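Notes to accompany the following structure.
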Amino acid sequence: MTKGNKKKHLRDLAVAVPAVLLAVVAGLFVVDAAGRVDRTSQDTKFERPQTIVVAPRSMTYRADGDFQKNNYPVDAPLTTRKLARSFEIMKYQVSASDYERCIADGGCQPAEALPHNRDGLSVDAPIVGVSYDDAENYAKWLSQKTGEVWHLPTDEQWAFAAGSRFTDNALGIEDDDATNPALRWLKDYEQQSARKLERRPEVRSAGAFGENELGIADVAGNVWEWTQTCHRRVNIDAYGKVVAETPVCGVYVVNGKHRAAMSSFIRNPKTGGCSVGVPPDNLGFRLVRDGRWYAVVLKRLKEFSI
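Numbered continuously in the UniProt record's numbering, the sequence shown closes out at residue 306.
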């Protein structure tokens, strides 16, 4: 193939590939099995949740996981992460009234009634007593209602959104002391004791814990938030480089005043988590909107390929 023919071939591909995608999109979105226009279940009158744009920036960050070095537990290495592209996240956690609408539509299961909220939740209070699976179902329902793509944040996205309210859970045991388990036990005991004193499980109205510097409300209040990040076990070398990693999907990271790991079906954090220590006060969530122009197309293509 000559150089000129090669350029023409690339130009043809540049035209053909989008055309194929458009044809696929037309088949997936415009016409349903009966040949009618397919609007899915989008509700044009549905009020879209209020969101905050998290702009690109860098931050120092410790990834979630149980880290080991030379067979001893250690803190995750402190790294610098760069957010290359902005994203939108809900200003408020999903409220009890929002979640009730999903239940009424048949998209969600009722939340678990927790003893410390026996009098019920106010309509603008965040929904609690919900599992990872419940949050995923709500995201699916909201995506259908709005015609957009909503999903749980990753642990890293949550950290960027939390800003100065993101907590570093490191115990601060230096390498020279890492081989002495007693030192780590004492540090962990001190940390857990402090957390017990901070427990205030009664759910409060939206905005009760104020906003962070980005304008996002109730970050690190008394409702921990589900993420889509799987908990993991990690081995690192002397330089902090990962040499082995075992994701534990089915167990997910939840973020609030501190990190925790919870099985996907847990609604009441007191009934079971996968990490020792003081459990979260409550489990709730907020969602990220995928603002990429092709997000809906990508979602449908994934569904089509399953």
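Every residue, glycine too, gets a C-beta built ideally from N, C-alpha and C.
It should be emphasised that the depicted structure is a prediction, and the values quoted were computed from it without experimental measurement.
_Reduced DSSP category for Thr271 - H, G, I as helix; E, B as strand; rest coil_ = Three-state DSSP puts Thr271 in a helix.
_Helix, strand or coil for Ser86? Go by DSSP, reduced to three states._
Here Ser86 carries a coil assignment [DSSP, helix/strand/coil].
*Looking only at C-alpha atoms, which of Gly129, Ala135 and Ala104 sits nearest to Pro153?*
Ranked by how close their Cα comes to the Cα of Pro153, the residues Gly129, Ala135 and Ala104 have Ala135 in first place.
*Can you tell me the Cα-Cα spacing of Lys140 and Ser264, whole angstroms?*
In a straight line, the C-alpha of Lys140 is about 16 Å away from that of Ser264.
*For the beta strand (DSSP E) that Asn235 lies in, which residues bound it at each end?*
Counting along the chain, the beta strand (DSSP E) containing Asn235 begins and ends at Trp224 to Ile236.
*Is it the case that the Cβ atoms of Thr80 and Ser58 are separated by a distance below 8 Å?*
Result yes, Cβ atoms of Thr80 and Ser58 sit closer than 8 Å.
_Buried or exposed for Gln50, going by 16 or more other Cβ atoms inside 10 Å?_
Looking at its Cβ environment, which holds fewer than 16 other Cβ atoms inside 10 Å, Gln50 is exposed.
_Less than 8 Å between the C-beta atoms of Ser97 and Val123, yes or no?_
In this structure, Ser97 places its C-beta atom within 8 Å of the C-beta atom of Val123.
*asked:* Using a Cβ-Cβ cutoff of less than 6 Å, which residues in the same chain neighbour Leu301 once the five nearest sequence positions on both sides are dropped?
replied: Excluding sequence neighbours, Leu301 sits near nothing in its chain.
_Residues bridged to Leu283 (per DSSP)_ = Trp224, per the DSSP bridge assignment.
*Can you tell me whether Thr167 is buried or exposed, with buried defined as 16 or more other CB within 10 angstroms of its CB?*
Flag for Thr167 reads exposed.
*asked:* Please return the same chain residues whose Cβ sits closer than 8 Å to the Cβ of Leu214, not counting the five positions on each side in sequence.
replied: Only residues of its own chain outside the window of five on either side were considered, and among them Ile52, Val54, Ala161 and Gly163 have a CB closer than 8 Å to the CB of Leu214, listed in chain order.
*Among Ser131, Val94 and Ala295, which one has its Cα closest to the Cα of Ala206?*
The option with the nearest alpha carbon to Ala206 is Val94.
*Residue range of the beta strand (DSSP E) that Lys69 falls in?*
In this chain, the beta strand (DSSP E) harbouring Lys69 covers Asp66 to Lys69.
*Under 8 Å between the Cβ atoms of Gly284 and Val130?*
Result yes, Cβ atoms of Gly284 and Val130 sit closer than 8 Å.
*With C-beta atoms as the reference, is Arg165 less than 8 Å away from Val219?*
For Arg165 and Val219, yes; Cβs fall inside 8 Å.
*asked:* Mapping the DSSP letters down to three states, classify Trp141 as helix, strand or coil.
replied: Here Trp141 sits in helix by DSSP.
*By a C-beta neighbour count over all protein chains shown, 10 Å radius and 16 as the cutoff for buried, is Lys257 buried or exposed?*
With 16 or more other Cβ atoms within 10 Å, it is buried.
*Rounded C-alpha distance that separates Ala217 from Met90*: Roughly 9 Å between the two C-alpha positions.
_Ala34 to Tyr294 span [Cα, whole Å]_ = A caution first: Ala34 carries a pLDDT of 33, below 50, which makes its placement in the model unreliable, though a value can still be read off. Cα to Cα, Ala34 sits roughly 25 Å from Tyr294.
*Below 7 Å CB to CB, which residues in the same chain sit around Ile236 once its five sequence neighbours on both sides are set aside?*
So the list reads Phe67, Lys69, Pro77, Val242 and Val243, once near-sequence residues are dropped.
*Since Trp158 sits in a beta bridge, which residues does DSSP pair it with?*
Trp158 pairs with nothing; no bridge assigned.
*So Ala208 is in the alpha helix (DSSP H); what residue range does that whole segment cover?*
No alpha helix (DSSP H) holds Ala208; DSSP gives it neither H nor E.
*If you run the structure through DSSP and keep just helix, strand and coil, what is Cys102?*
Reduced to three states, the DSSP call for Cys102 is helix.
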